[in-house]
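Everything below concerns the one structure shown next.
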Amino acid sequence: MESLENRLHRCAINTATLGHREPLDVTLDRIARAGFGGVAPWRHEVEAIGASAVARQLRALQLTVSGYCRSTYLTGATNAERRASIDNNIKALHDAAEVDARCFVMVVGGVSAGSRDLAGARTQVEEGIAQLLAEARKLRIALAIEPLHPMYAADRSVVNTIGQALALCEAIAPDDPSILGIAIDIYHCWWDPLLSESIVDAGRARRILAYHVSDWLADTKDMLMDRGMMGDGVVDLKHFRHRMEEAGYDGMVEVELFSRDRWWKVQPDELLSVCAQRLQLVC
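When we follow the numbering used here, the leftmost residue of the sequence shown carries the number 1, and every step to the right adds one.
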């Protein structure tokens with residue numbers, strides 16, 4: 001495994017890391033000036049400016065879009081809700097294609113409000129992803145299922161392990177790893193006793209589309225908004241990048257850091273500098 005030292009062109013910044021405090025055009029300029037090779041923008045930021053304008057700026061700055069964030073939840077209490085989600089996601093896929101994203105990140109949704117049907121929610125997810133495949137193929141945008149920590153199963157995602165995500169991929173698109181794969185966010189997956197084996201399996205199936213890093217704080221205060229800066233928590237990030245690259249992943253290392261009360265209060269250029277240092281030292 002090669003060090004990331006002096007290799008920031010292999011690294012990307014998810015714009016949530018900067019707290020969505022500035023317009024996207026300003027954020028993209030900052031990320032490029034800081035030396036990063038990639039960015040993962042969020043839909044609301046792109047839609048505020050327009051995908052065509054964002055695409056022009058990305059080309060001018062020579063930034064790769066490591067992923068486009070993110071899908072509308074696929075679970076819902078009614079057929080109308082689920083159909084609206086599919087339509088919304090198809091619109092987002094067109095923007096993902098416009099900005100030449102390497103993948104469209106799928107956060108699939110939790111158990112519907114008022115329901116206790118976990119198995120039914122997972123069926124809705126499988127059906128929803130299957131409905132998006134034709135458009136994804138037409139646009140040549142890969143769908144990347146992102147497993148979330150099980151603490152999010154109720155409200156954000158009923159897909160909680162790489163193993164689950166891989167099983168979905170094989171069930172929905174068994175012969176097409178180029179169009180359906182997995183975004184591995186170490187914050188969500190580090191705890192899994194089968195993580196190393198699952199990474200190997202996903203790599204063997206050629207399903208790994210993205211790799212996100214932050215850290216898990218031992219005294220985390222908020223399950224969404226208190227991620228740790230790389231090196232401040234308990235995750236062996238170099239070990240897991242080694243596992244990823246052994247499994248064949250050669251894409252970008254993307255920082256995705258939700259930190260409302262700590263890092264989102266740091267001046268953006270300073271925050272990008274810390275991200276650069278930590279990527280090179282501990283990732």
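Backbone N, C-alpha and C fix where the C-beta goes; we use that ideal spot for every residue, glycine too. These numbers come from a predicted model, not from an experiment.
- Counting along the chain, GLU127 sits inside the alpha helix (DSSP H) bounded by residues 118-139.
- Under the 8 angstroms Cβ criterion, the region 209-217 counts as touching the region 181-200, having at least three qualifying pairs.
- Counting the other CB atoms within 10 Å of its CB gives GLY67 a total of 16 or more, which places it among the buried residues.
- Between the region 197-216 and the region 243-262 there are three or more C-beta pairs closer than 8 angstroms, enough to call the two in contact.
- Ranking ASP155, GLY181, LEU271 by CA distance to the CA of GLY163 puts GLY181 first.
- Considering only ALA48, ALA144, ARG122, VAL200, the residue with the shortest C-alpha distance to ALA101 is ALA144.
- For MET225, the closest C-alpha among the options ASN88, GLY35, THR17 is that of THR17.
- Residue ILE172 holds the alpha-carbon nearest to the alpha-carbon of GLN131 among ILE172, LEU166, CYS69.
- Scanning the region 68-99 for uninterrupted beta strand (DSSP E) segments of 3 residues or longer gives nothing; none is fully contained.
- In this structure, the straight-line span from the alpha carbon of ASP95 to that of THR78 is close to 26 angstroms.
- Rounded to whole angstroms, the Cβ separation of GLY128 and SER85 is 7 angstroms, and the two are in contact under 8 angstroms.
- If you ignore the 5 residues before and after VAL54, its C-beta comes within less than 6 angstroms of the C-beta of VAL46, VAL99, all in its own chain and listed in chain order.
- If one requires a minimum length of 3 residues, the beta strand (DSSP E) runs lying completely within the region 200-277 are 208-213, 253-255, in chain order.
- Check the Cα spacing between ALA134 and each of SER178, LEU58, LEU166: the tightest is with SER178.
- Fully contained in the region 149-210 are the following alpha helix (DSSP H) runs of length 4 or more, in chain order: 162-172, 186-189, 195-204.
- The beta carbon of GLY110 sits closer than 8 angstroms to the beta carbons of TYR73, THR75, ALA121, TYR152, ALA153, ALA154, ASP155, ARG156, SER157, VAL158 from its chain, once the five residues preceding and following it are set aside; these are given in chain order.
- Within its own chain, the residues whose Cβ lies closer than 8 angstroms to the Cβ of GLU170, once the five positions on either side in sequence are excluded, are ALA205, listed in chain order.
- For VAL105, the uninterrupted beta strand (DSSP E) run begins and ends at 104-106, by DSSP.
- In this structure, LEU63 places its C-beta atom within 8 angstroms of the C-beta atom of ALA32.
- Residue range 38-40 is occupied by the beta strand (DSSP E) that includes VAL39.
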